[in-house]
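To start, the structure itself, in structure tokens.
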């Protein structure tokens, strides 16, 4: 059995490349070891490929023909003369996004010892579901840094915004080869930079990672305590923005013994906003100590921190603290400090899409007061994700001011202030991806008070009656690429018959996975996708209307994922065509395999039927109450005439969720895309309108289409999303009623 397969029943696809100029004894030895040999395809054949826990892992590197020892030594010496000091490049490539549970994956980081800069061999055991993102070198106890040529003098010119799309396409080709070349050409840091303070014995324990240190000339200097000269040290550096000097403080995630220093820095630098880009633990490793109380107040050194408020959203959490310095005889006036904690950065790599990061960045800009101190930005080491955030912010500012971006130049400059900002080429390419997203689609967020005027512009008509604004906006969505390469499971021959519409197939990275029946392959598949809600990931399950031969799978999904609410947006037949098999009893009960469904009540509301069902899992004799919302207000052709019915059913479903717990809501029409996407989009949009008084129909629908193809299928359905929000505002015309 392949060494990559034995730790887990499902496999992690990794592709590693070693670009070797002169193989060292370490690498040659490891090459001969079984652990470094690429697995034979037969080792992984037939092993849960349909389960979205993808297999086939291996290392890819150039093979060297066997030569006589003396001849090989001569070749090596010639290469050393041609390329003095050139080091080896270790690069991680793509990892598919998945939803495995409890899998054990082993990542092997191999770097070379004996070069000018000593490097390490690190083996990390990971017990984590496969994430949504791209594999990267994550921060270890010692952060593993990509080696690069010290003599590279290649530079890259700024890019005009109108050329950004083409430049991104060129750099992304060949597995991002040009992105890697550009990233490797960056200077690692300041040639004159020194780390004398950081390397003092008294300060070494204050550093989370011994090789990620602040330069002496740009470090944040605290006031000394009790005359102790080393009490002024914290692992944090001033970093410039696009034009604003020292706009940011890039810091490591506080350790338990540096929390007091962190809050002292926040107080002394008059910080009003803290940006956190890591979770406290990732892959069972401590990344940051929790430096705030969950509730009430706590004192860290001389700084008292009290929780005022917090809001949890799908991509980030906002916490507000009342901070007061108490060391002096008279307590200082308390200040409000807002922490914005981005929680959607995957354990591996970079976010699947930059949409969440751009929304987060806009929120940071909105909450940071004018004339406040620097914005503190930290991840774990304070270089990778921290640098990524800072560069995106600065380049968006540059885009507005100069209609061009200079990522290479800006990263080169800020690395003079803190080395290794932006830690991997994947983070570097993510910056470009975010900038392209911003350039192509801009800021489409609206305050609800401006909706009426915006709708008037969208519906501005010419003589032929075409709605140019709305059509153009929707056309941008239809131009999005459907990722057919990520639909492999649904397109397997054994699963094709389970799909109602062959164009609507769930993506592998977020499909709903059923438990595999013993001895039966491909029984883990159902045409259903997890979809994020406004506050919670995987809040919805978007699925097709069950077929006669998939009804048991449908109820198995409801049972295994502990769903209590089902929303149905189609009739069983429309225009004399079957749209959905009746999967509930008209009276009494009906049995589907191991599941019994009983009808306990059927109430007809104004625009929907409300059915109370009891689902029994026969082998365990356990039952669960299910509430079935069947919307009758959708005509066979077109869209509902008004939005009140949709507003009512969304409110009823949310009320049910509050009572039953926030387990996934199953939503289906016939194909599970058009009406289903419209319902989910409106649920998320209205939830945000109530919470923030803001809306973004375009980005909401775009996000849905990245999670399941063809969500919100027609321009009429897209227009309906706007009209329902307007109806909602008209119904609750007093803004305070829904703010």
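In my numbering, the protein residues as written are 849 to 1587.
Just so it is clear, CB atoms sit at the ideal spot from N, CA and C, and this is done for glycine as well.
Apart from the five residues on each side of it in sequence, which residues of its chain come closer than 6 Å, Cβ to Cβ, to residue 1280? The residues are 1016.
Taking the alpha-carbon of residue 1159 as reference, which of 1540, 1488, 1562, 1257 has the nearest alpha-carbon? Of 1540, 1488, 1562, 1257, the residue nearest in Cα terms is 1540.
Between the CA atoms of residue 1170 and residue 1146 - distance to the nearest angstrom: Our two residues, residue 1146 and residue 1170, have alpha carbons roughly 11 Å apart in a direct line.
For the putative contact between residue 1432 and residue 1459, defined by C-beta atoms under 8 Å, what is the C-beta separation to the nearest angstrom? Contact annotation, residue 1432 with residue 1459: C-beta distance approximately 7 Å; criterion of less than 8 Å satisfied.
Output yes or no for whether 7 Å exceeds the beta carbon distance between residue 1529 and residue 1549. In this structure, residue 1529 places its C-beta atom within 7 Å of the C-beta atom of residue 1549.
So which of 1097, 1268, 1076 has the shortest CA-CA distance to residue 1084? For the residues 1097, 1268, 1076, the minimum Cα distance to residue 1084 belongs to 1097.
Close beta carbons around residue 1396, own chain, < 7 Å, minus the five adjacent residues each side: These residues qualify, in order along the chain: 1429.
Please state the DSSP three-state secondary structure of residue 1517. It is coil, neither helix nor strand.
Within the continuous beta strand (DSSP E) that includes residue 1370, where are the two ends? Careful: residue 1370 lies outside any beta strand (DSSP E) and carries neither H nor E.
For the beta strand (DSSP E) containing residue 808, name the first residue and the last one. Since the first and last residues shown for the chain are 849 and 1587, residue 808 lies out of range.
Measure how close the beta-carbons of residue 1466 and residue 1443 come, nearest whole angstrom, since I'm counting them as under 8 Å. About 7 Å; that satisfies the 8 Å criterion.
In whole angstroms, give me the CA-to-CA distance for residue 1203 and residue 1125. Their backbone Cα atoms lie some 15 Å apart in a straight line.
Quick check: what's the CA-CA separation for residue 1288 versus residue 1267? Taking the straight line joining both Cα atoms gives about 31 Å.
Contact between the stretch 1434 to 1442 and the stretch 1501 to 1512 (3+ Cβ pairs under 8 Å): Not touching, per the Cβ criterion.
I'd like the list of long-range same chain contacts for residue 1216, defined as Cβ closer than 7 Å, with 5 residues on each side in sequence excluded. Answer for residue 1216: 1120, 1121, 1223, listed in chain order.
Quick one: is residue 1512 buried, meaning 16 or more other Cβ sit within 10 Å of its Cβ, or exposed? Buried is the call here.
Have a look at 1385, 1238, 1557 and flag the residue whose alpha-carbon is nearest the alpha-carbon of residue 1356. Per the Cα distances, 1557.
Specify, as a first and last residue, the run of the alpha helix (DSSP H) that residue 1276 falls within. Counting along the chain, the unbroken alpha helix (DSSP H) around residue 1276 starts and ends at 1273 to 1289.
Among 1424, 1269, 1472, 1416, which one has its Cα closest to the Cα of residue 1232? Of the candidates 1424, 1269, 1472, 1416, the one whose C-alpha sits nearest the C-alpha of residue 1232 is 1269.
Enumerate, from N- to C-terminal direction, the unbroken alpha helix (DSSP H) stretches of 4 or more residues contained entirely within the stretch 1028 to 1077. Runs of the alpha helix (DSSP H) inside the stretch 1028 to 1077: 1049 to 1052.
If we count the other Cβ atoms within 10 Å of its Cβ and call it buried at 16 or more, is residue 1600 buried or exposed? Examination of residue 1600 is not possible in this model, given that the chain is present from 849 through 1587 alone.
So residue 1163 and residue 1196 are supposed to be a Cβ contact under 8 Å. How far apart are they, rounded? With 8 Å as the limit, residue 1163 and residue 1196 do not qualify as a contact, their Cβ atoms being about 17 Å apart.
Report the rounded CA-to-CA distance for residue 1598 versus residue 1562, giving the unit in angstroms. Residue 1598 lies beyond the residue range present for the chain, which begins at 849 and ends at 1587; the question has no answer from this structure.
Mapping DSSP to helix, strand and coil, what is residue 1364? Three-state DSSP puts residue 1364 in coil, outside helix and strand.
Segment contact, 8 Å Cβ cut-off, at least three pairs: the stretch 1258 to 1265 with the stretch 1102 to 1114: No: the two stretches stay apart, fewer than three of their Cβ pairs being nearer than 8 Å.
Closest residue to residue 1236 among 1257, 1156, 1278, 1485 (Cα-Cα distance): That would be 1278, whose Cα lies nearest to the Cα of residue 1236.
So for residue 1114, helix, strand or coil by DSSP? In this structure, residue 1114 counts as helix in the three-state DSSP scheme.
What is the DSSP secondary structure of residue 1004, reduced to helix, strand or coil? In this structure, residue 1004 counts as coil in the three-state DSSP scheme.
What's the gap between the Cα of residue 1227 and the Cα of residue 1134? In a straight line, the C-alpha of residue 1227 is about 12 Å away from that of residue 1134.
What are the start and end residues of the alpha helix (DSSP H) that includes residue 1167? That residue, residue 1167, is in no alpha helix (DSSP H); its beta strand (DSSP E) goes 1164 to 1173.
By a C-beta neighbour count over all protein chains shown, 10 Å radius and 16 as the cutoff for buried, is residue 1493 buried or exposed? Residue 1493 counts as buried, since no fewer than 16 other beta carbons sit within 10 angstroms of its beta carbon.
The beta strand (DSSP E) with residue 1125 in it runs from where to where? It is not in any beta strand (DSSP E) - residue 1125 carries neither H nor E in the DSSP assignment.
In angstroms, rounded to a whole number, what distance separates the CA positions of residue 1271 and residue 1414? Approximately 44 Å, taken between the alpha carbons.
Less than 7 Å separating the beta-carbons of residue 1358 and residue 1378? In this structure, residue 1378 lies closer than 7 Å to residue 1358 by Cβ.
For residue 1211, which residues in the same chain have their Cβ closer than 8 Å to its Cβ, ignoring the five residues on either side in sequence? Closer than 8 Å at Cβ, skipping near neighbours: 1164, 1166, 1188.
How is the beta strand (DSSP E) around residue 1416 delimited, first residue to last? In the DSSP assignment, residue 1416 falls within the unbroken beta strand (DSSP E) covering 1413 to 1416.
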